[in-house]
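*Asks:*
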Amino acid sequence: MFTKLLKEVARGKRGARDLTYEEALEAADWIMNRKATPAQMGAFFIAERIKMESVEELEAFVNVSRDAAYRAPIQEGLDCAGPYDGRTKTFFASFATAFLLASAGLPVTLHGAKSLPPKWGVTLLDILAELGIGKEQLKRDRVVPTAAATGVLFVDTEEWCPPLKELRDIREELGMRTVLNTAEKLIDFSHSPYLVFGVYHNTVFDRMSKLLTDLQYRRALIIQGAEGSEDLFIERPTRTYIVENGEARLHVIDPETYGLETTLPEHVEWTAAEQIETVEAVLQGKAHVGYVNQVLLNAAVRLRLADRADSVEEAIYQCKDLLDSGAAWERYTQWRSSLLSEETPAPIGGVK
Numbered sequence: 489m490f491t492k493l494l495k496e497v498a499r500g501k502r503g504a505r506d507l508t509y510e511e512a513l514e515a516a517d518w519i520m521n522r523k524a525t526p527a528q529m530g531a532f533f534i535a536e537r538i539k540m541e542s543v544e545e546l547e548a549f550v551n552v553s554r555d556a557a558y559r560a561p562i563q564e565g566l567d568c569a570g571p572y573d574g575r576t577k578t579f580f581a582s583f584a585t586a587f588l589l590a591s592a593g594l595p596v597t598l599h600g601a602k603s604l605p606p607k608w609g610v611t612l613l614d615i616l617a618e619l620g621i622g623k624e625q626l627k628r629d630r631v632v633p634t635a636a637a638t639g640v641l642f643v644d645t646e647e648w649c650p651p652l653k654e655l656r657d658i659r660e661e662l663g664m665r666t667v668l669n670t671a672e673k674l675i676d677f678s679h680s681p682y683l684v685f686g687v688y689h690n691t692v693f694d695r696m697s698k699l700l701t702d703l704q705y706r707r708a709l710i711i712q713g714a715e716g717s718e719d720l721f722i723e724r725p726t727r728t729y730i731v732e733n734g735e736a737r738l739h740v741i742d743p744e745t746y747g748l749e750t751t752l753p754e755h756v757e758w759t760a761a762e763q764i765e766t767v768e769a770v771l772q773g774k775a776h777v778g779y780v781n782q783v784l785l786n787a788a789v790r791l792r793l794a795d796r797a798d799s800v801e802e803a804i805y806q807c808k809d810l811l812d813s814g815a816a817w818e819r820y821t822q823w824r825s826s827l828l829s830e831e832t833p834a835p836i837g838g839v840k
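Just so you know, we're using the numbering used here here: the sequence shown kicks off at 489 and counts up by one.
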């Protein structure tokens, strides 16, 4: 049966057709449950890459991935969906931003896995490893209480969705982007009503808008960010799409509008150690103003997205106060200590 589905998407540039949603569900089931052979799975991924996945095909893989994952309404907040192939040339602003948002009362879910193709960049797991946070500290019985106490949940995706771990060898051998690169970012482990989602090319805005509408997020922001991430640029405007009430509209976010546009220091390639050093410097107010402003802008736009502020301008002032007062740094240090401690974390104020 899988061979029949494979033939439909692999008939060449002119003969290939998109699968129906029901067909795509079946194909996703064959792949996620490893009922197809490695050769068949590799052929399917390549054929889809050439044809380009339809919205129905993407949605099917998202839903099958969700069915295979541990998901629970752990906290009602914001899901940050960045690329699982990591970063090489840009600052991981989302990580620092998470603690600023949590200190403002907006729970945040972060998720990731070991680096993947095509970029093979530094990932959140690499950054956490620099803090001494590994698989033992990232088990559910630690991260869920930590999220309840601090408002920041980190999910090791391949542990919460085992089929993705089992498919890693095939993805690494192929060395290219597959439909899973999108699906894994949309598993929505904590049932978040709000989403920020990074893309690399603006040509996918329309497809992703339709997909996020079908997945019924209350409000989502698709961002053509640095290295395909969900982080807004600080040195220039960023193209975004706001998806809400079944509609999507283009919204260009210009840091100059808010007096935040800054030239960042020249940095050729980032290591995990440099990422965490800069994150901690930002949260302590000791970093280059460009990185501080980038975190302020991303946090303010996300607070507005989640209706936690009446305007981006208001949110910027709120976030500045939280940085200056040390509240964001305190949230980060408690989160870090909670994961590294054997004791059950105690809740602190501000998490809703």
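Where a beta carbon is used, it is the ideal one built from N, C-alpha and C, also for glycine.
This structure is a prediction, so every number in the text was calculated from the model and none was measured.
Going by the DSSP bridge assignment, what does T597 pair with across the sheet?
*Replies:* Partner(s): D567 and L641.
*Asks:* Give a single yes or no on whether Y820 has its beta carbon closer than 6 Å to a heavy atom of the ligand PLP.
*Replies:* Because no ligand of any kind appears in the structure shown, any question about the ligand PLP cannot be addressed here.
*Asks:* Go through its chain and collect everything with a Cβ distance to D742's Cβ below 7 Å, but skip five positions before and after it.
*Replies:* The residues are P725.
*Asks:* Is the beta carbon of V780 closer than 7 Å to that of V770?
*Replies:* Yes. Within cutoff.
*Asks:* Determine the closest residue to L513 out of L494, R695 and P605, with distance taken between C-alpha atoms.
*Replies:* Answer by Cα proximity: L494.
*Asks:* Checking 7 Å against the spacing of the C-beta atoms, do S582 and D719 come in under that value?
*Replies:* Yes. Within cutoff.
*Asks:* On a CA-only basis, which of A794, K602, N521 and E646 is nearest G565? Give me that one, please.
*Replies:* Of the listed residues, the one whose Cα sits closest to G565 is A794.
*Asks:* Measure the alpha-carbon distance for V631 versus Q763 and round it to whole angstroms.
*Replies:* Each residue's Cα considered, the two are about 21 Å apart.
*Asks:* Our contact map puts F693 next to I710 with C-beta atoms below 8 Å; I'd like the distance itself, whole angstroms only.
*Replies:* Correct: roughly 6 Å between the Cβ atoms.
*Asks:* Can you tell me whether T638 is buried or exposed? The criterion is at least 16 other CB atoms within 10 Å of its CB, across all chains shown.
*Replies:* It counts as buried.
*Asks:* Let me confirm a value: Y820 is counted as buried when at least 16 other C-beta atoms fall within 10 Å, else exposed. Which label applies?
*Replies:* Y820 comes out buried.
*Asks:* May I ask you to report which of helix, strand or coil DSSP gives T728?
*Replies:* The answer is strand: DSSP assigns T728 an E or B state.
*Asks:* Return the residue from the list T750, L613 and G530 that minimises the CA-CA distance to A760.
*Replies:* The candidate whose alpha carbon is nearest that of A760 is L613.
*Asks:* Within 10 Å of its beta-carbon, does Q822 have 16 or more other beta-carbons around it, so buried, or fewer, so exposed?
*Replies:* With 16 or more Cβ atoms within 10 Å of its Cβ, Q822 is classed as buried.
*Asks:* Mind reading off the beta-carbon distance from D567 to S680? Whole number of angstroms is fine, and I expect it under 8 Å.
*Replies:* 4 Å between Cβ atoms; contact.
*Asks:* Considering only the beta carbon of each residue, do L655 and E646 sit closer than 7 Å?
*Replies:* Against a cut-off of 7 Å, the Cβ pair of E646 and L655 comes out as no contact.
*Asks:* For the alpha helix (DSSP H) containing G442, name the first residue and the last one.
*Replies:* Residue numbering for the chain in the displayed model covers 489 to 840; residue 442 lies beyond these limits and cannot be assessed.
*Asks:* Comparing alpha-carbon positions, which option in L785, W608, A498 and A535 lies nearest K808?
*Replies:* Measuring from the Cα of K808, the nearest candidate turns out to be L785.
*Asks:* Does the distance from the C-beta atom of V552 to that of D506 stay below 7 Å?
*Replies:* No, these two residues do not count as a Cβ contact at 7 Å.
*Asks:* To the nearest angstrom, how far is it from the Cα of L748 to the Cα of Q782?
*Replies:* Whole-angstrom Cα-Cα distance: 8 Å.
*Asks:* Quick check: the stretch 594 to 612 against the stretch 572 to 586, are there 3 or more CB pairs under 8 Å?
*Replies:* Yes: the two stretches touch, three or more of their Cβ pairs being nearer than 8 Å.
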